[in-house]
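This report refers to the structure that appears directly beneath it.
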Amino acid sequence: MRSPVGAGLLAKVVNDIAGYLTRCGALKSFASKPAPTVIGFMLLLSVSGTACAFDLQQLSDQLAKPSVIHGSFIQEKHLRALPQPLVSQGSFVLAKNHGLLWLLKTPLQQDYRISAQGIARRDANGWQLLPNKSAGAEQNRLFLAVLQGDSSGLQRDFELQLQGEATQWKLTLIPRSMLLKQVFNQINIDGGALVHTIELLETQGDSTLLRLQGSAADQPLSEAEQHDFAQ
């Protein structure tokens with residue numbers, strides 16, 4: 049006697065889901081089961097959303113994978129006292145084990161380097177380290193931690209809430225310390241394979257929106273970029 053079409057389709061769907069979950073290391077007990085039942089199908093569906101849930105460790109691994117990332121940025125600073133945002137544009141280079149080159153083009157030209165040694169600004173005499181307490185220093189370190197996928201570093205200062213999947217995710221940072229709570233309400237980060245946007249919402253009502261555009265991980269450091277990181 050031939051099986052009803054619905055039963056055959058159900059069996060195929062369940063087997064497909066079971067195969068997916070097995071690849072994720074889940075539901076191993078189902079792998080040895082014979083023909084699936086409706087109850088088995090419902091059990092599979094009930095866990096399929098969590099068996100391969102995208103977590104912070106996976107996000108960290110994903111963002112830390114590229115050795116070098118080149119891209120451009122547009123930064124909008126929204127101030128309560130101004131009707132229009134302050135807009136700046138430029139390019140960036142993120143290199144694993146080196147740091148971040150943040151090259152501002154407009155409204156003025158200024159180059160910054162953010163690394164484990166601190167934050168440096170380029171002038172006529174080369175790269176000059178800035179005081180650790182200089183304006184924007186903590187924000188720049190935060191950018192570096194986010195772009196490098198340093199979730200362990202971020203967790204020291206923020207509660208992290210992750211939603212979505214590897215191709216489209218949102219990470220919300222809620223300040224832990226009283227010092228950070230005096231500055232930020234929260235920080236929202238959106239991305240896929242790489243970070244797309246970073247939004248900083250400040251307690252006084254101001255905000256910063258950073259859009260990273262044209263990010264590509266297929267070009268090595270140029271000789272000039274290697275020199276900038278080595279100085």
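Its first residue numbered 49, the sequence shown is counted upward by one per residue in my numbering.
Idealized CB from N, CA, C, for every residue including glycine.
Which same chain residues end up closer than 6 Å to residue i when comparing Cβ atoms and leaving out the 5 residues on each side of it in sequence?
{"i": "SER163", "result": "GLY147"}
{"i": "LEU91", "result": "A caution first: LEU91 carries a pLDDT of 41, below 50, which makes its placement in the model unreliable, though a value can still be read off. So no residue of the chain qualifies."}
{"i": "ASP238", "result": "LYS218, HIS244, THR245"}
{"i": "THR85", "result": "With a pLDDT of 49 at THR85, under the threshold of 50, the predicted position of this residue should be treated as unreliable, though the coordinate-derived value follows. Here the set comprises nothing."}
Within the same chain, show all residues whose beta-carbon is closer than 8 Å to that of residue i, passing over the 5 residues directly before and after it, in chain order.
{"i": "GLN261", "result": "GLY119, SER120, PHE121, ILE122"}
{"i": "ASP254", "result": "LYS125, HIS126, LEU127, ARG128"}
{"i": "GLN234", "result": "THR220, LEU221, ILE222, PRO223, LEU249"}
{"i": "ASN173", "result": "none"}
What's the C-alpha gap between residue i and residue j?
{"i": "LYS229", "j": "SER108", "result": "24 Å"}
{"i": "PRO268", "j": "TRP175", "result": "22 Å"}
{"i": "GLN158", "j": "PHE140", "result": "12 Å"}
{"i": "ALA129", "j": "THR256", "result": "14 Å"}
{"i": "ASP171", "j": "LYS153", "result": "14 Å"}
{"i": "PHE191", "j": "GLN165", "result": "15 Å"}
{"i": "TRP324", "j": "GLY201", "result": "Beyond the ends of the chain as shown, which are 49 and 279, falls residue 324; an answer cannot be given."}
{"i": "PRO114", "j": "THR251", "result": "34 Å"}
{"i": "LEU177", "j": "LEU104", "result": "32 Å"}
Does DSSP classify residue i as helix, strand or coil?
{"i": "LYS113", "result": "coil"}
{"i": "ALA129", "result": "coil"}
{"i": "SER108", "result": "helix"}
{"i": "LEU269", "result": "coil"}
Closer than 7 Å: is that where the CB of residue i sits relative to any heavy atom of the ligand NAP?
{"i": "TYR160", "result": "No copy of the ligand NAP appears in this structure; indeed no ligand is present at all."}
Going by the DSSP bridge assignment, what does residue i pair with across the sheet?
{"i": "ASN236", "result": "THR220, GLU247"}
{"i": "LEU151", "result": "SER139, ASP159"}
{"i": "LEU295", "result": "For the chain, the structure presents residues 49 to 279; residue 295 sits outside this window and is missing."}
{"i": "LEU260", "result": "PHE121"}
{"i": "SER225", "result": "Answer is none; SER225 lacks a bridge partner."}
Might you give, ordered along the chain, the residues of its own chain that have their beta carbon closer than 7 Å to the beta carbon of residue i, omitting 5 neighbours on each side?
{"i": "ASP276", "result": "LEU149, ARG161"}
Open item on the list: Runs of 4 residues minimum, wholly inside the segment 183-221: which ones carry the alpha helix (DSSP H) assignment?
Closed with: 185-195, 199-205
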